[in-house]
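Novice: Would you mind keeping the following structure in view while I ask a few things?
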Amino acid sequence: MNTPPGPERLDIDRLLEDPDNRVLVCCGSGGVGKTTTAAALGIRAAARGRKTVVLTIDPARRLAQALGLAELDNTPRKVDLEQGESGELHAMMLDMRRTFDDMVLAHAGRDRARQILDNPFYQTVSSSFSGTQEYMAMEKLGQLAAEDTWDLIVVDTPPSRSALDFLDAPQRLSTILDGRLIRMLASPAKAGGKGLRRIVGAGFGMFAKAVATIVGRQLLADAAAFVQAFDSTFGGFRERADRTYRLLRSSGTRFLVVASPEADALREASYFVERLSTEHMPLAGMVANRTHPILADLAAARALSAAEELETAGSAPLAASVLRLHADRVAVAEREKRLLARFTRAHPEVELGSVPALADEVHDQYGLREIGRRLARE
Amino acid sequence: MSSEWDRELDGARLHFVSGKGGAGKTTAAASLALALATGGRRVLLAEVEGRQGLAQLFDTPPLEYSERRLAAAPGGGEVRALAVEAEAALLEYLAMYYSLGVAGRTLRRMGAIEFATTLAPGLRDVLFTGKLKECVRRTDPNGRHTYDAVVVDAPPTGRIVRFLDVTRAMADLARMGPIHGQSEEVAGLLHSSDTVVHLVTLPEQLPVRETLETVEELDAAELRPGAVLLNRVRPSRLATRSVLAAAGGRVDATRIREGLRSAGLDWDTEVLDGLVAETIEHAGRASAELAAREQLDNTALPFLELPDYVEGIDVAALYELAEGLVARGVGGSR
């Protein structure tokens with residue numbers, strides 16, 4: 001009964017209890033249930049005595065309710081646990097704009113901070129730039145880690161089509177904002193990048209003109225002013241991104257890839273696993289979320305022939321329906337097993353865990369705890 | 379009461395297919411394109427997110443920024459495919475106004491174009507929709523439209539309204555300039571009856587609620603919601619009345635056992651318990667499906683069902699899905 005698909009070895013409790021593990025990052029493509037998984041892991045860690053904070057990125061409204069909170073915001077809120085549980089759980093939701101504002105206010109002098117916050121380009125960067133959410137998630141993670149009050153930080157990652165965005169977006173953002181090109185474009189006549197201009201030749205002047213025509217000289221000037229103010233406060237976007245990136249590589253950080261047992265999600269999970277390994281980032285395992293294991297040990301062919309017999313006799317329609325739905329379920333379970341086995345063949349080193357689907361949507365702590373129990377194979 | 383796929387939807391020439399991540403946007407967009415092409419029409423199927431989801435689905439080499447034949451549709455129709463890329467679209471624009479020569483390639487290598495599109499986030503969307511407009515409006519030398527319809531595997535529901543809000547995006551860009559001039563025409567097309575936004579969803583509570591929220595957002599932005607495509611619908615094995623009872627945990631185990639016995643099958647308790655547990659879960663899903671359908675029935679939107687393929691979607695399944703859509707009237711009134 002409850003045969004887990006593939007070789008399940010992921011020991012989730014050991015992962016959550018190990019005092020050396022300080023940061024647990026849940027990654028995966030959109031729609032696989034990362035946020036719920038992160039919350040479920042947070043509760044389980046807290047119930048096992050650890051002082052835990054869960055940083056969610058874009059939670060469904062009902063997750064706050066499931067945790068027993070009125071709402072989630074940019075500071076950790078304490079979640080009530082069951083009596084006798086020794087750990088603590090705090091939950092929060094990343095507010096990208098607030099985090100950015102706070103970062104500027106905390107590091108820049110008052111005048112410089114004003115200068116940055118009032119820059120029209122800052123409004124764009126802090127609210128609608130692609131990559132800002134990832135950048136700010138890292139920033140927040142860095143802050144939480146620096147507070148040194150948490151035994152364990154469980155991090156959800158921004159919803160994106162690719163799990164890799166979490167690793168790449170901050171770097172991409174810093175490349176764009178890291179000065180040289182922006183300054184050249186803002187005032188191509190003055191900027192120093194002679195070497196660069198030689199490579200591009202006459203094309204650059206023309207390109208600069210084209211870009212200025214499209215995005216407007218004002219935007220370029222604002223952007224350049226922003227980058228300059230930011231650089232002198234933070235020593236550049238890139239250095240700051242690099243620093244948080246190092247946290248992801250430190251020994252206390254573990255990654256957990258979440259995927260639904262679907263071909264697309266598992267393909268994304270594969271990319272991510274390969275990437276982590278080239279980056280030497282420690283992968284704790286993969287969680288196959290919402291699987292449909294078979295609950296009755298009965299071959300599909302047998303169930304179907306029995307159903308047919310009953311239908312011919314016309315005597316027991318309910319029993320016949322039950323047998324047919326069992327056969328359907330076997331087909332689903334087999335496919336999921338096959339997909340997971342394919343993943344395991346490609347990545348035999350990855351420890352696998354699975355969460356059989358709940359019959360209902362999660363709407364309270366009980367549901368979140370049930371996910372934890374299923375993952376721990378309790 | 380929900381309505382049928384009608385003549386008005388058939389008359390649209392630009393179909394965006396959006397939906398929650400994981401709901402099956404790409405599958406639905408491809409099936410819709412095949413259905414619209416059925417009977418000798420020519421349809422362009424475009425993707426805008428660089429995911430190469432279409433190439434994977436049709437099992438072809440990665441798509442490029444050029445239109446090429448992807449599949450034949452029944453009755454002599456044709457689906458062509460295009461991966462719209464912001465960089466290439468920007469170069470195309472620039473080339474209309476400046477003679478770029480080899481400089482274009484160099485700029486691309488430098489990442490200068492990614493830079494420009496990142497600097498003004500709205501620019502990327504304007505380039506995408508601008509290119510789509512060009513495809514919709516393009517005519518052959520006889521003055522006939524090159525494509526009868528353009529179907530777009532669009533960004534997910536969280537981003538779709540922003541993606542189509544060209545006017546807002548233009549606020550990021552220079553007041554004058556070549557792209558600005560084009561954008562008014564693009565906005566005109568997107569807000570006209572030539573354009574519809576279909577939403578793909580799963581037959582579950584949360585995705586359906588999110589879909590209905592998106593419909594409101596589209597209405598507020600004066601964009602036209604098209605059909606709701608209910609994807610991965612699985613057969614219910616139970617009668618509605620049993621579904622409701624079983625979903626509440628009331629499964630008559632004795633009746634099941636007696637039924638099995640009457641066929642000479644006397645399985646042990648463990649198997650029976652397992653079957654009962656599976657029945658409760660099945661009923662839970664089936665009752666969520668019923669509720670989802672009811673919610674959709676209360677909207678004025680047509681909804682079309684796409685059955686689940688347990689073995690996953692391959693090209694043959696796409697043709698079957700398209701056939702199902704045609705049977706429901708898609709492409710019928712053209």
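Line order of the protein sequences matches chains G and Y. 161 is the number that this note's numbering gives to position 161 of the first sequence; each next residue is one higher, with no gaps. 494 is the number that this note's numbering gives to position 116 of the second sequence; each next residue is one higher, with no gaps. By construction, the Cβ of each residue, glycine as well, lies at the ideal position given by its N, Cα and C atoms.
1. Looking at chain Y, which residues of the segment 22-39 of chain G have a Cβ within less than 9 Å of any of its Cβ atoms?
2. What does the alpha-carbon distance come out to for the pair Asp118/G and Arg112/G?
3. For chain G, find out if any of its Cβ atoms is closer than 9 Å to the Cβ of Arg671/Y; answer yes or no.
4. Which residues does DSSP pair with Leu392/Y in a beta bridge?
5. DSSP has Gly55/G in a bridge; who is on the other side?
6. Mind pulling the alpha helix (DSSP H) runs of 4 or more residues that sit fully within the segment 573-616 of chain Y?
7. Any residues in the segment 578-592 of chain Y with a beta carbon nearer than 7 Å to a beta carbon of chain G? Which ones, in chain order?
8. Take the Cβ of Tyr366/G as the centre, count every other Cβ of all protein chains shown within 10 Å, and call the residue buried at 16 or more, exposed below.
9. What three-state label does DSSP hand His523/Y in the structure shown?
10. Strictly below 9 Å CB to CB, what residues from chain G border Lys398/Y?
11. Determine the chain Y residues that contact Gln309/G at a beta-carbon separation under 9 Å, and present them in chain order.
12. Please check the pair Val154/G and Leu15/G, which I expect to be a contact at CB under 8 Å, by giving their CB distance rounded to whole angstroms.
13. By the DSSP assignment, the beta strand (DSSP E) with Thr291/G in it spans what residues?
14. Specify, as a first and last residue, the run of the beta strand (DSSP E) that Pro685/Y falls within.
15. Hey, would you say Asp503/Y sits closer than 9 Å to Leu414/Y, going by beta carbons?
16. Check whether the Cβ atoms of Ser396/Y and Ala700/Y sit closer than 9 Å, and answer yes or no.
17. Can you find a CB in chain G that lies within less than 9 Å of the CB of Pro613/Y?
18. Three-state secondary structure (DSSP) at Arg48/G?
19. Rank Thr312/G, Ala331/G, Asn289/G and Ala212/G by C-alpha distance to the C-alpha of Asp686/Y and give the top, closest one.
20. When you compare the CB of Ser354/G with every CB in chain Y, is at least one pair closer than 9 Å?
21. Give me the chain G residues within the contact set of Ser561/Y, using Cβ-Cβ distance strictly less than 9 Å, ordered along the chain.
22. In terms of alpha-carbon separation, which member of Pro282/G, Glu311/G and Ala320/G lies closest to Val654/Y?
23. Please state the DSSP three-state secondary structure of Val564/Y.
24. Three or more C-beta pairs under 8 Å: does that hold for the segment 617-631 of chain Y against the segment 671-679 of chain Y?
25. Could you name the residues that DSSP lists as bridge partners for Leu78/G?
26. Looking only at its own chain, which residues have a Cβ that is under 7 Å from the Cβ of Leu703/Y, when we skip the five neighbours before and after it?
27. Show which residues of chain Y have a CB atom less than 9 Å away from the CB atom of Arg329/G.
28. How would you list, in chain order, the residues of chain Y whose beta-carbon sits under 7 Å from the beta-carbon of His326/G?
29. Please report how far the alpha carbon of Ala705/Y lies from the alpha carbon of Thr416/Y, in whole angstroms.
30. Tell me, which residues are paired with Glu425/Y by DSSP?
31. Counting contacts by CB-CB distance shorter than 9 Å, is Gly508/Y in contact with chain G?
32. May I have the straight-line CA-CA distance separating Leu310/G from Ala301/G, to the nearest angstrom?
33. So with Cβ pairs under 9 Å, would you call Pro534/Y a contact of chain G?
34. Could you name the residues of the same chain whose beta carbon sits closer than 7 Å to that of Leu392/Y, not counting the 5 residues immediately before and after it, in chain order?
35. Closer than 8 Å by beta-carbon distance: list the chain G residues that pair up with Val688/Y, in chain order.
36. Residues of chain Y with a CB under 8 Å from the CB of Phe129/G: which are they?
Specialist: The short version:
1. Ser29, Gly30, Gly31 and Val32
2. 10 Å
3. no
4. Answer is Val528/Y and Thr573/Y.
5. The displayed chain sequence assigns Leu, not Gly, to residue 55/G. The partner list for Leu55/G (beta bridge, DSSP) reads Met92/G and Val155/G.
6. Restricting attention to alpha helix (DSSP H) runs no shorter than 4 residues, the segment 573-616 of chain Y encloses them at 583-598, ordered along the chain.
7. Gln583 and Leu584
8. exposed
9. In this structure, His523/Y counts as strand in the three-state DSSP scheme.
10. Chain G residues near Lys398/Y: Gly30 and Gly31.
11. For clarity, residue 309/G is Glu in the given sequence; the question names Gln instead. By Cβ distance, chain Y contributes Ala641, Gly642 and Leu643.
12. That pair is no contact at about 11 Å.
13. Per DSSP, Thr291/G belongs to the beta strand (DSSP E) from Leu283 to Thr291.
14. Phe681 to Pro685
15. no
16. no
17. yes
18. coil
19. Ala331/G
20. no
21. Within 9 Å of the CB of Ser561/Y, no CB atom of chain G is found; the nearest one sits about 11 Å away.
22. Measuring from the Cα of Val654/Y, the nearest candidate turns out to be Ala320/G.
23. helix
24. no
25. Per the sequence shown, the amino acid found at residue 78/G is Lys instead of Leu. In the DSSP output, where bridge partners are listed per residue, Lys78/G has His90/G.
26. Ser409, Leu410, Ala413 and Leu682
27. Glu656, Glu659 and His660
28. Leu653 and Glu656
29. 11 Å
30. Ala461/Y and Asp531/Y
31. No - not a single Cβ of chain G is within 9 Å of the one on Gly508/Y.
32. 14 Å
33. yes
34. Leu510, Val514, Val528, Leu567, Asp572 and Thr573
35. Asp328, Ala331, Val332 and Arg335
36. Thr496 and Pro499
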